[in-house]
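Working notes, beginning with the structure itself.
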């Protein structure tokens, strides 16, 4: 006769082995789940960092854009009075006043202001406004007010006479 029954120690060992296998499987599942959560958290972190860098870049670009707009408005408001001052300085012929006018123009040029040459050129609607046409010609014979460009953008059209 064969005894199929195990002694209590063997039963306890088998039960313990079975429980440890279940516990090990459960722990493996938890580890896999935690690793998945860690990967997801790392991805969220990377996205948050990228979003932050994009926000910083956009804010910097917006600040530069606002500064350029403020400069454009400021320079646009200065151009006409400075033209009048330059004309007055030519009439008075005062070396000190001429020097100040020259320094003001140099400062504005350093900020990106440039005068667009129009005299003797064909009419260009992108940079000029016609004040008078003496003949049927399309060439600028006189510039009443110069054209100015600030950082590549026209801020004042030239007022010209065509001949």
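In the working numbering, the protein residues as written are 5 to 167. Where is the CB? At the ideal position from N, CA and C, for every residue including glycine.
Nearest by alpha-carbon distance to residue i: which of the options is it?
{"i": "residue 90", "options": "71, 81, 78 and 103", "result": "103"}
{"i": "residue 129", "options": "117, 166 and 113", "result": "166"}
{"i": "residue 83", "options": "117, 138, 136 and 126", "result": "117"}
{"i": "residue 141", "options": "151, 153, 125 and 149", "result": "125"}
{"i": "residue 133", "options": "139, 64, 47 and 151", "result": "151"}
Looking at the structure shown, is residue i part of a helix, part of a strand, or coil, going by DSSP?
{"i": "residue 129", "result": "coil"}
{"i": "residue 138", "result": "coil"}
{"i": "residue 108", "result": "helix"}
{"i": "residue 123", "result": "coil"}
{"i": "residue 28", "result": "helix"}
{"i": "residue 5", "result": "Because residue 5 sits at a pLDDT of 47, beneath the cut-off of 50, its placement in the model cannot be relied upon, and the point is left open."}
Please look up how many angstroms separate the CB atoms of residue i and residue j, rounded, as I've assumed it's under 8 Å.
{"i": "residue 131", "j": "residue 159", "result": "At roughly 11 Å, the Cβ-Cβ gap does not stay under 8 Å, so residue 131 and residue 159 are not in contact."}
{"i": "residue 147", "j": "residue 108", "result": "No, residue 147 and residue 108 are not in contact; Cβ-Cβ is about 20 Å, not under 8 Å."}
{"i": "residue 144", "j": "residue 127", "result": "6 Å"}
Cα separation between residue i and residue j?
{"i": "residue 75", "j": "residue 113", "result": "12 Å"}
{"i": "residue 164", "j": "residue 155", "result": "23 Å"}
{"i": "residue 70", "j": "residue 79", "result": "14 Å"}
{"i": "residue 97", "j": "residue 106", "result": "13 Å"}
{"i": "residue 149", "j": "residue 58", "result": "44 Å"}
{"i": "residue 42", "j": "residue 32", "result": "15 Å"}
- prompt: Which full runs of the alpha helix (DSSP H) of 4+ residues lie inside the stretch 23 to 78, going along the chain?
  reply: none
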